[in-house]
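Visitor: Handing you a structure now.
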Amino acid sequence: MTERLAPEQLTRAAALLRAGGLVAFPTETVYGLGADAGNAAAVARIFAAKGRPRFNPLISHFAAAEAAFAEVRADDRARLVAGRFWPGPLTLVLPRAERSRIDPLTGAGLPSLAVRVPAHPLARALLREAGVPVAAPSANRSGAVSPTTAAHVLDGLEGRIEAVLDGGACPVGLESTVLDLTGPQPLLLRPGGVPEAALAALLGPLGRPGAVAEAEGGLKAPGMMSSHYAPGLPVRLDAASVGPDEALLAFGPPLPGAGATWQLSEGRDPVEAAARLFAGLRWLDAEGRRRGLAGIAAMPVPPEGLGAAINDRLARAAAPRPPA
Ligand code: AMP
Ligand code: MG
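In structure tokens form, the structure reads like this:
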């Protein structure tokens, strides 16, 4: 049984975390599946509950920047962007500190660690109360659409985790931007809730991780696997028209004739669209299958601001699936 905890039951959630339990909790990006990042057995259970095929590195979450920077070697660039964007949807990948308490499994044995201070008030309160760094990937089964409500979490993980702390819908709705500062050139590992341009304004142009094969261990950021965030129905991008046998992910005035429609943002606001993206993919998938539709057609979203991260997630949802 998975306990569904109200915000007032925060101390229960924190106690479960300290005891090695798995607790899903809301952040401003998506719901995270939390475990004590210093407890190898608890972290291993994250991979088992999600059905992750291998030990991808997890982001460790902290209540405050000083706590995060105790686990890594933070340089001036890291302090500059953290000062501007923490708490918030930015993850920094930095060299691991020699005395870090984070279990090696959390970092998948890498010499670097990914750290973040989330902004969601309930997440911050939970992290403060727990008093331990909390490893947390998105609280969904591996490869599935990320959860932005407690109900989404339970859809995939009911019975597999101790509890979900219900804080309502996530306001940003897209995962954090992942910025690698382990080398001289800052690298954008994953577009996300902080737009690239906002980081480039402080650091100069961001590089991209080199083209890496999806071979074992060959990924700089495993969340960059090409098929990810995938609903059950196939996804078609850049739809200019839609058929009655398709479900439509609309952005702005919807194309006519779809079998079902989810509006990301009538007024074409990328911030609103980001917050509604994952809920929309889930709804279209369920509704489309209920009605016997053949697929999901997504209208184009301009790549400005959060539009870049939205397109990144849509491209992964549409990518060829690995054989089951
Ligand atoms: P998620 O599983 O959704 O929390 O995504 C975590 C993201 O952070 C993935 O893209 C990971 O590959 C990335 N990440 C975490 N730790 C590291 C690290 N040490 N080096 C590179 N990327 C990392
Ligand atoms: Mg994920």
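Every letter in the sequence shown is one number past the one before it in the working numbering, and letter 80, counting from 1, is 78.
For each residue, glycine too, the CB sits at the ideal point set by N, CA and C.
Small disclaimer: the values here were computed from a predicted structure and weren't measured.
Return the first residue and the last residue of the alpha helix (DSSP H) that Thr259 is part of.
Guide: Looking up residue 259 in the sequence shown gives position 261. It is not in any alpha helix (DSSP H) - Thr259 instead sits in the beta strand (DSSP E) that spans 258 to 261.
Visitor: Tell me the DSSP secondary structure of Asp267 in three-state form.
Guide: Within the sequence shown, the letter at position 269 stands for residue 267. Coil, per DSSP.
Visitor: Between the Cα of Pro145 and the Cα atoms of Pro116, Val233, Gly30, Gly305, which residue gives the shortest distance?
Guide: Within the sequence shown, residue 145 is the residue found at index 147, counting from 1. Of the listed residues, the one whose Cα sits closest to Pro145 is Gly30.
Visitor: What alpha helix (DSSP H) runs, 4 residues minimum, are completely inside the stretch 74 to 108?
Guide: Segments of the alpha helix (DSSP H) lying fully in the stretch 74 to 108: 74 to 83.
Visitor: Would you identify the three-state DSSP class for Glu302, choosing helix, strand or coil?
Guide: Your numbering for residue 302 matches position 304 in the sequence shown. Coil, per DSSP.
Visitor: Can you find the residues in the same chain that come closer than 6 Å, C-beta to C-beta, to Glu214, ignoring five residues on each side of it along the sequence?
Guide: If you number the sequence shown from 1, residue 214 lands on position 216. In this predicted model, Glu214 has a pLDDT of only 36, less than 50, meaning its place in the structure is not dependable; the value taken from the coordinates is given anyway. None.
Visitor: Please find out if some non-hydrogen atom of the ligand MG comes closer than 6 Å to the beta-carbon of Pro5.
Guide: Counted from its first residue, the sequence shown places residue 5 at position 7. Checking every heavy atom of the ligand MG against the Cβ of Pro5, none is found closer than 6 Å.
Visitor: Assuming Gly181 is part of the beta strand (DSSP E), what are its boundary residues?
Guide: Along the sequence shown, read from residue 1 onward, the residue named residue 181 stands at position 183. Neither: Gly181 is in no beta strand (DSSP E) and is coded neither H nor E.
Visitor: Under a Cβ-count criterion, where at least 16 other Cβ atoms within 10 Å of its own Cβ denotes burial, should Glu160 be classed as buried or exposed?
Guide: Within the sequence shown, the letter at position 162 stands for residue 160. Buried is the call here.
Visitor: Just to confirm, does Pro109 get its C-beta within under 6 Å of one of the non-hydrogen atoms of the ligand AMP?
Guide: As a first step, residue 109 must be located in the sequence shown, where it is residue number 111. No.
Visitor: Using 8 Å as the Cβ pair cut-off and three pairs as the minimum, do the stretch 132 to 144 and the stretch 84 to 92 touch?
Guide: Because the criterion of three Cβ pairs below 8 Å is not met, the stretch 132 to 144 and the stretch 84 to 92 do not touch.
Visitor: Would you list the one or two residues that DSSP bridges to Ser110?
Guide: Position 112 of the sequence shown, counted from the start, is the residue given in the question as residue 110. Partner(s): Pro93.
Visitor: I'd like to know whether the C-beta atoms of Leu111 and Glu173 end up nearer to each other than 7 Å.
Guide: By one-based count along the sequence shown, residue 111 stands at place 113. By one-based count along the sequence shown, residue 173 stands at place 175. No; because the gap between Cβ atoms is not below 7 Å, this pair is not in contact.
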